[in-house]
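Undergrad: Here it is: the structure, laid out below.
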Amino acid sequence: MALLGLATATAACSGGSTNKSGGSGGGGGGLFTTIDVNRPGLEASAPANPYNPKGNSFPGYSSMKLGWVKNHLTDPNQALPGIAASWEIASDNSAITLKLQPNAKWSDGKPVTADDVKLSIGIAYTQGSTAFSVTPGAAGAAAEVTVVDPQTVKITQDMANPSPKFARGVLDTTVLPAHVWSSVLPADFWDKLKAARGEGAAADKAREEVTALGQKVIAFAPAKDVSAGPFVLERVNPSEALLVKNTYFYNAANVAPAQVKFLNYTGNEQIWNYLTAGKLDHAGFTAAPTDVMNRIKAAPGAEVIKGYSPVAVSMAFNQSKKPYDNVHVRRGLAYLIDRDQVTKVASPEGGTPAVTTSGIHQKAAQAWIPDTVPQLEQYKPDVAKAEEEFKQAGLTKKDGKWTLADGSAWKVSMHAPSGFSDWLSAQENIKGQLVKAGVDAEVVTTADYPLYLEELAAGKYDVGFWLMALGPAPYDIYQRLYGASNGWTNVAGKVTHAAPGKTGNWMGGPEEIEVDGAKINPGELTGKLNSADEAAAKPIMAQLAKAANQDLPVIQLWDYVNTQFVNNSRFTGWPHDDSILRMGTGVLPSGVWIQQGLIKAKQ
């Protein structure tokens, strides 16, 4: 969520000296300054452990993955090389064979080998990481991990419940040095894992033991950072973390900065101050009002680079609460809300108004379902249509205000986490639009995001904001609307539905929806996406887009834009190609660009 607008907080700017000494290994010199947009606050005592929630491990800079996955519009398995120099995916997606970087070494000089990768996969199993799950029947789960030779690893998929994004899950694995981390797994770990894949009491016990190792992994504290990335952690204090160049990095000659400094922050305002002062060479997207954005752009050397980000934000309804159980109420609200106005106020640089509600980012929709998009109702602002929908729902208007069918007062109560500046600005704008149209409304803030999610899942809110369209994989896109939050769970390829208010079903939508004259079960269709290839996925996505469009479990407000803040005063070479920019989204910072040799020190 830091990427999409962190809590606004007032905090003193962090201090600390600026070390401009160069480093060996070639490729230039100088200090590169940034922030970790995914983690506010530096914990000086935290270990250099990528699995520790507060760990001082920085993806793309000090910690490395097998590959850096892209947010391609339709192919979830596209990636740039990381520790894996290349790979081959079987035509039926049953296996991926990885070839490691031939010159990859750890920062202590030891070579990176296939044994490091296998241990890292074992550690990933303890965390239940994507392709490495001990849950029986989990989609996209690995079946076997084979060290072919010191530079080659083959991972096969359990084809009982295959997933088209299996390779993505493998490539997204963090690689750790076996000579440092081997103590976290018992000598008989792989035997335990094999037993865990079975059935019965012994298998249950083995699964518990593997899962229990997860806490040992999270708590592990290496004596020092041993990195296979372009940098290695030198020191960290409450103000900053300093990383120095890893001269053993396989592409060290093309790594421009000699050092990298991560500055501490606790909220948006601090990041705004850093950017306005020109202190950051790079920062991922941070929500900012127009006046602040103009000040950031005015800083010497400042540049804003934009690319694709497969995320949208929506106004979501709890349909177990009246009057939101009535589709005509939801449609009426859709006709009253001017999405252009909302986006201009809330996210002018970081979003584009949603063309309509489809459940999918509009850019991805053009790639997946181009023929379906023109058929969808756009819900352009139309007061007359809104009133018609409200009347069909049985609402009445008295003294200029809409009331419920029984004559009682109606107030649209919207919730958002405190400090989410873009969400709160959007809700205040929506409130103003609704009140003007005779619909009473209010904005209620929740203390923080974890509490917000907890109370949302508990069904405490009538209306809340909900991230959706989380691509690029089709299943991930639509499970935000027709997954656990709306009653459908997918275990071992079997989809089941829970009643509203049960097992996290806070949306409370109907189990079946009529689309093109036929009843469909959107949760079951979404489940099919988990194993469908691209050709099979497209007609399913078309049906789901129509279902979302006419049933409106949410109103899609704006589609996010991957906005990057950079400064050209010290470094240049920032990528402007959208396919490369996608490497800077989510948890992947500009360290990925640096290790690829794209960033150059300014002469």
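Numbering (UniProt numbering), first residue to last: 1 to 603. All C-beta atoms in this analysis are idealised placements derived from N, C-alpha and C, irrespective of residue type, glycine included. As the structure is a prediction and not an experimental result, all values here were calculated from the model.
Is it buried or exposed for Q479, if we count other Cβ within 10 angstroms and need 16 for buried?
TA: buried
Undergrad: Using 10 angstroms around the beta-carbon of R168, count the other beta-carbons present and answer buried if the total reaches 16, otherwise exposed.
TA: buried
Undergrad: Taking only the alpha-carbon atoms, compute the straight-line gap between D291 and I271 and give it to the nearest angstrom.
TA: 15 Å
Undergrad: Straight-line CA distance for A354 to A545?
TA: 13 Å
Undergrad: Please state the DSSP three-state secondary structure of F58.
TA: coil
Undergrad: If you reduce the DSSP assignment to three classes, tell me which class Y335 lands in.
TA: helix
Undergrad: Looking at the structure shown, is G23 part of a helix, part of a strand, or coil, going by DSSP?
TA: Caution applies to G23, whose pLDDT of 35 falls short of 50 and renders its modelled position unreliable; the model cannot decide the point.
Undergrad: Near G527, what residues of its chain come up, given a Cβ to Cβ distance below 6 Å and the 5 sequence neighbours on each side ignored?
TA: N490, V495
Undergrad: CB-CB under 6 Å to L176, same chain, minus the five flanking residues each way: which ones, in chain order?
TA: S120
Undergrad: Less than 8 Å between the CB atoms is what I'm expecting for S65 and D172, so what's the real figure, rounded?
TA: For the sequence presented, residue 65 should be read as Lys rather than Ser. About 6 Å separates the two Cβ atoms, so the contact holds.
Undergrad: Return the chain-ordered list of same chain residues with a C-beta closer than 7 Å to the C-beta of V435, the five sequence neighbours on each side being excluded.
TA: A441
Undergrad: Pick from L557, F58, K460, Q378: whose alpha carbon is nearest that of W466?
TA: It is L557.
Undergrad: Could you please give me the residues that DSSP links to T97 through a beta bridge?
TA: E88, K154
Undergrad: What did DSSP end up calling F220 once you bin it into helix, strand or coil?
TA: When secondary structure is reduced to three states using DSSP, F220 falls in the coil class, being assigned neither helix nor strand.
Undergrad: Count the other CB atoms within 10 Å of the CB of H576; is the residue buried (16 or more) or exposed (fewer)?
TA: exposed
Undergrad: State the start and end residues of the unbroken beta strand (DSSP E) segment that holds G67.
TA: 67-69
Undergrad: Does DSSP classify R207 as helix, strand or coil?
TA: helix
Undergrad: What number of angstroms, rounded off, separates the C-alpha of Y51 from the C-alpha of L42?
TA: Separation of Y51 and L42 (C-alpha to C-alpha, rounded to the nearest whole angstrom) is 15 Å.
Undergrad: Just to confirm the assignment, what range does the alpha helix (DSSP H) spanning D551 have?
TA: 534-551
Undergrad: Starting from H179, trace the beta strand (DSSP E) both ways and give me its first and last residue.
TA: Per DSSP, H179 is not a residue of any beta strand (DSSP E); the alpha helix (DSSP H) it occupies stretches across 178-181.
Undergrad: Please classify Q259: is it buried, with 16 or more other beta-carbons within 10 angstroms of its beta-carbon, or exposed?
TA: buried
Undergrad: Look up N429 in the DSSP assignment and say whether it is helix, strand or coil.
TA: helix
Undergrad: Give the range of the alpha helix (DSSP H) segment to which A498 is assigned.
TA: Element bounds for A498: n/a, residue is neither H nor E.
Undergrad: Can we say the stretch 335-349 touches the stretch 421-430, given the rule of at least three CB pairs closer than 8 Å?
TA: yes
Undergrad: Are there 16 or more other CB atoms within 10 angstroms of the CB of T357, so buried, or fewer, so exposed?
TA: The residue in question, T357, is buried, as its Cβ has 16 or more Cβ neighbours within 10 Å.
Undergrad: What are the boundary residues of the beta strand (DSSP E) that includes Y449?
TA: Where Y449 is concerned, there is no enclosing beta strand (DSSP E), although the alpha helix (DSSP H) around it starts and stops at 449-457.
Undergrad: Using the three-state DSSP reduction, which class does D188 fall into: helix, strand or coil?
TA: coil
Undergrad: Using a Cβ distance threshold of 8 Å, determine whether the stretch 364-377 contacts the stretch 280-299, with at least three qualifying pairs required.
TA: no
Undergrad: Please specify which runs of the alpha helix (DSSP H), each continuous and at least 4 residues long, are wholly inside the stretch 376-452, giving them in chain order.
TA: 383-392, 421-436
Undergrad: Using a Cβ distance threshold of 8 Å, determine whether the stretch 180-199 contacts the stretch 214-233, with at least three qualifying pairs required.
TA: yes
Undergrad: Around the C-beta of R582, are 16 or more other C-beta atoms found within 10 angstroms, so that it is buried, or is it exposed?
TA: Residue placement at R582 cannot be trusted, given a pLDDT of 47 that sits under 50; the coordinates are not used to answer.
Undergrad: Checking the sheet assignment: what are the DSSP bridge partners for L481?
TA: Bridge partners of L481 according to DSSP: none are assigned.
Undergrad: Which residue from M315, I155, G140 puts its Cα closest to that of residue 628?
TA: Here the chain has residues from 1 to 603 only, and residue 628 is not among them.
Undergrad: Less than 8 Å between the C-beta atoms of A302 and T74, yes or no?
TA: no
Undergrad: Under the assumption that P150 contacts T113 (Cβ atoms under 8 Å), give the Cβ distance between them as a whole number of angstroms.
TA: 5 Å
Undergrad: Let me make sure I understand the geometry here. Which of N562, A195, R39, A548 has the alpha-carbon closest to that of G267?
TA: R39
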